[in-house]
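Novice:
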Amino acid sequence: MKQVLFEEDGAFRVGTILAEAGASFQVEAAHGKRSKVKAGSVLLRFDGQPLAAFMAQAQELAGTIDPQFLWEVCGPGDFAFADLAREYFGREPTPQEAAAVAFALHSNPIHFYKRGKGRYQAAPEENLKAALAGLEKKRRQQEQVDEWAHALAAGTLPESIGARIDALLFKPDKMSLEWRALDQAAHAMGSSAPRVLAHAGALGGPEDYFLRRFAFDFFPQGTGFPSTPPLGDPRGLPLAAAAAFSIDDADTTEIDDALSVRELDGGRLEVGVHIALPALFFDRAHPLEAVARERLSTVYFPGGKITMLPRDAVQSATLGEGRTVPAASLYLVIDATSGEVLASDSRLERVAIAANLRLAELDARLNAQSVAAGRVEGAWGAELFALWRFARQLRERRGAKDDRPDRLDYTFRVEGGRVCIEPRPRGTPVDMLVAELMIHTNATWGRLLDERGYPAIYRNQRAAKTRMEVDPGAHEGLGVTHYAWTSSPLRRYADLANQRQLVAALRGDRPAYERGELEAAARAFEVAYDAYAEHQRQLERYWCLELIRQQGIASAEASVIRDELVRIEGLPLVCRTLGLPTLAPGEKVRVAFGEVDRWEPSVVCRYAGK
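Below, the structure is given as structure tokens:
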């Protein structure tokens, strides 16, 4: 029987000829598969060979042939593999020997270039040297990759990898030796790159990974501040008649706003809203303006924050207790009984800050019981009650509804890797007091800037969609015709920019910003603000799951949101729940927790009954 060695799809095969039809053959392989082979693909004809072992024998023999020797003896021109086999063996080669030479030529493309059916040519000497040098380089590189991968798997961090942690995690060059070593170690360990680096001591854990990723994306130069010239010293501002107090969380250091109440004759009260004035400590030419424009907002997350302004700038302008500091003040003269606003005035002045009141302490004094009794005990009790009553009237006038009593806010406290999450009812009397006065201030100053023709950044809401825009528009959710953030200039660039416009308007100066500048800032602010909020949500989710893991919580009550989603009671945590039957939104169920994956972060959550 006639047999052939042929090439098919770039590979060598052997078979027995069953039929021949012109320029093609029907060939049967040793394992019985039949195929049509063109005559142009046939490299060698022979007969009488056991095909089952033919390829293995030829490949084994090819492994003993030195390609360098073949290259040295084959000459400069092109040649047929069968001729070289004849010369190599010094006789007519067997089919296996001829095939072995073909295999040796084919598997060493840096030594031999293919020139047609069964024909090859030796590579030029300079090309061969370059190719061999390249192979040697690759071999040494792979040795380095293997060494680093082994070290990572053993829990040791190679210096070269340690110098490129963030780039390897978040923007890897997958051709680099460091990435190849990290990827190789991850595959060998059945793990992921962040986990491998944590195993080697390069990461402190999932939280470190999340913080690094955020900083890499949004603070590529680091979260620290550059050295900047000294701040200015605002002078010549009049002193406010009334002392003021602020209301903030215990951890707040950027105190933007304070309040004051002063009795006037005729049953009137003067309510003052005082906003920190960083715009007077550094102007647009100061380098801190560029810093604030780049950062756009303070970033908050459990266990830390990244401030928009450096500490010295915050300390200079913050409304800290015992200080007399510059402020932009909105004064409202109101009827003490009806809460009707009789007069309104905006000023730049110095305000004495008598106290920094904290939410935890105020919640015990200014609450549903005290306002029902018509009296708030303790320091600033009369002022707090008067402000609450006025805020209540402001809320009613703009048609807002009270927050649902079951809605909660949460305070995360992280110390030494342990987390405590404290729920706090939303819409308390303290919350309502502060929120309404800030809404009124932002609405009033937004309208003032519009009426005086100073461009500003407005927070408009139409059809439940909120946008930062330069054209003023109503905020339908709040029920106000203008709403320009101005009350947090230490923490948000939109507020700082609007404050510069407000200062210019009150002084009769040219606008600090042109419309186009504010449009660009508004777009950038929205993108950054959303990204910062997403970072906060991810860290909050991580610490919720850490609480479950640290306290060994096996199950919890939850309320159905929709489909398989439930909200865990007592935590700001939404989970997808396996096995949840079709239930109405709001229905209460119990869920069982499985394993927490700290790196995702996620937890296995299963329905455990009503």
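Take the sequence shown: its position 242, counting from 1, is numbered 243 in my numbering, and each next residue is one higher. For every residue, glycine included, the Cβ atom is placed at its ideal position computed from N, Cα and C.
1. Beta carbon of E396, beta carbon of V334: below 7 Å?
2. Which ranges would you report for the beta strand (DSSP E) in the segment 9-83 if only whole runs of at least 3 residues count?
3. Curious, which full-length alpha helix (DSSP H) runs of at least 4 residues does the segment 175-234 contain?
4. Is DSSP giving L170 helix, strand or coil here?
5. Between which residues of its own chain and D410 is the CB-CB distance below 7 Å, once the five residues before and five after are set aside?
6. Determine whether the beta carbon atoms of R591 and S556 lie at a separation below 7 Å.
7. From Q370 to G379, what distance separates their C-alpha atoms?
8. Give the secondary structure of M309 by DSSP, where H, G and I count as helix, E and B as strand, and everything else as coil.
9. In the DSSP assignment, the beta strand (DSSP E) including R359 goes from what residue to what residue?
10. Count the other CB atoms within 10 Å of the CB of D510; is the residue buried (16 or more) or exposed (fewer)?
11. Would you identify the three-state DSSP class for E470, choosing helix, strand or coil?
12. P77: which of Q58, A53, R120 and P159 sits nearest, CA to CA?
13. Any contact of the segment 362-376 with the segment 289-305, i.e. 3+ C-beta pairs under 8 Å?
14. Within the same chain, show all residues whose beta-carbon is closer than 7 Å to that of A81, passing over the 5 residues directly before and after it, in chain order.
15. Using a Cβ-Cβ distance cut-off of 7 Å, determine whether R516 contacts chain C.
16. Quick check: the segment 482-495 against the segment 385-403, are at least 3 beta-carbon pairs closer than 8 Å?
17. Where does V528 land, buried or exposed, given buried means 16+ other C-beta within 10 angstroms?
18. With DSSP collapsed to three states, give me the class of D258.
19. Residue range of the beta strand (DSSP E) that P424 falls in?
20. Is it the case that the segment 486-493 contacts the segment 298-312, given that we only count it when at least three CB pairs across the two stretches are under 8 Å?
21. Hey, A593 and R577: beta-carbon distance below 7 Å or not?
22. Applying the 10 Å Cβ sphere with the 16-neighbour rule, what's the burial state of M433?
23. Can you tell me the Cα-Cα spacing of T95 and V197, whole angstroms?
24. At 3 residues or longer, and completely inside the segment 370-456: list those beta strand (DSSP E) runs for me, N to C.
25. When you compare the CB positions of V597 and L546, do they come within less than 7 Å of one another, or not?
Specialist: Taking the coordinates as given:
1. First, the amino acid is wrong: residue 396 is Arg here, not Glu. Not a contact, by the Cβ cut-off of 7 Å.
2. Listed in chain order, the complete beta strand (DSSP E) runs (minimum 3 residues) inside the segment 9-83 are 12-22, 25-29, 35-39, 43-48 and 79-81.
3. Segments of the alpha helix (DSSP H) lying fully in the segment 175-234: 178-190, 194-200 and 207-219.
4. Three-state result, L170: helix.
5. The residues R425 and R427, in chain order, have a CB closer than 7 Å to that of D410 in the same chain once the five nearest residues on each side in sequence are set aside.
6. For R591 and S556, yes; Cβs fall inside 7 Å.
7. Their backbone Cα atoms lie some 15 Å apart in a straight line.
8. Here M309 sits in coil by DSSP.
9. Start and end: V342 to R359.
10. Classification of D510: exposed, given that the 10 Å Cβ count is below 16.
11. Three-state result, E470: strand.
12. Checked all of Q58, A53, R120 and P159; the closest Cα to P77 is R120.
13. These segments do not touch.
14. Result list for A81: G119 and R120, in chain order.
15. The structure shown contains no chain C, having only a single protein chain.
16. Counting Cβ pairs under 8 Å, fewer than three are found: no touch.
17. Exposed, by the Cβ-count rule.
18. When DSSP states are grouped into helix, strand and coil, D258 belongs to the strand group.
19. For P424, the enclosing beta strand (DSSP E) begins and ends at R419 to P426.
20. Result yes; three or more Cβ-Cβ pairs closer than 8 Å.
21. No, these two residues do not count as a Cβ contact at 7 Å.
22. So M433 ends up on the buried side.
23. Distance between the alpha carbons of T95 and V197: 54 Å.
24. Segments of the beta strand (DSSP E) lying fully in the segment 370-456: 409-416 and 419-426.
25. V597 places its beta carbon less than 7 Å from that of L546.
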